[in-house]
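The next block holds one structure in the form of C-alpha cells; read it before the comments.
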Amino acid sequence: MSKVIVEGVHTHVQDGTAVYYRYQYQRRPVGIVYEVDAGLGEAKSRLVIGVIAWSFRSLLFPRRIIEKTIFETIDMVDIEVFRAEF
1 MSKVIVEGVH
11 THVQDGTAVY
21 YRYQYQRRPV
31 GIVYEVDAGL
41 GEAKSRLVIG
51 VIAWSFRSLL
61 FPRRIIEKTI
71 FETIDMVDIE
81 VFRAEF
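All residue numbers for the sequence shown refer to this note's numbering, where the first residue is 1 and numbers rise by one.
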C-alpha cells in the first residue's frame, strides 16, 4: 500500500489560468485516502483531503475519480483566491 504521487496542470474555466496541482493517494482499509495541493506556480497550498469508499469503480479507476474531484474543486474556487494566496 505505497503512496502514489501525481502532478499536473489544469486550466481554470474562469479565465484560462493554469493551476498546478499535486495529489497523492494511498489504499487503506477504509478506502482510498487522498490529499491535494494546488496553486499558481511552485508554491501550493492544501486544497482537499478526502476518502473514497471502496467500490468496484474505485478499485479500477482511482486516479480518474480523484482527478474529476480535483478539477471540479479547482473550477469552483474563484481564481482571485489562488492569486491572493500566492
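Don't be surprised by glycine CBs; every beta carbon is placed ideally from N, CA and C.
This structure is a prediction, so every number in the text was calculated from the model and none was measured.
Close beta carbons around residue i, own chain, < 6 Å, minus the five adjacent residues each side
i: Arg-22; result: Glu-7 and Asp-37
i: Phe-71; result: His-10
i: Thr-17; result: Ile-79
i: Glu-35; result: Gln-24 and Ile-49
Beta-carbon proximity of residue i to residue j, cut-off 9 Å
i: Val-51; j: Val-30; result: yes
i: His-12; j: Ile-65; result: no
i: Leu-47; j: Arg-83; result: no
i: Arg-28; j: Pro-62; result: no
Assumed close pair residue i, residue j - CB separation to whole angstroms, cut-off 8 Å
i: Lys-44; j: Tyr-20; result: 7 Å
Cβ neighbours of residue i in the same chain (closer than 7 Å, five flanking residues each side left out)
i: Trp-54; result: Gly-31
i: Lys-68; result: none
Cutoff 8 Å; reference residue i; Cβ partners in own chain excluding five residues on either side
i: Ser-58; result: Gly-31, Ile-32, Ile-52 and Ile-65
i: Phe-56; result: none
i: Gln-14; result: Asp-75, Asp-78 and Ile-79
**Request:** Output the residue ranges of the beta strand (DSSP E) runs that lie fully inside the segment 24–85 and measure 3 residues or longer, sorted by chain position.
**Result:** 31–39 and 45–53
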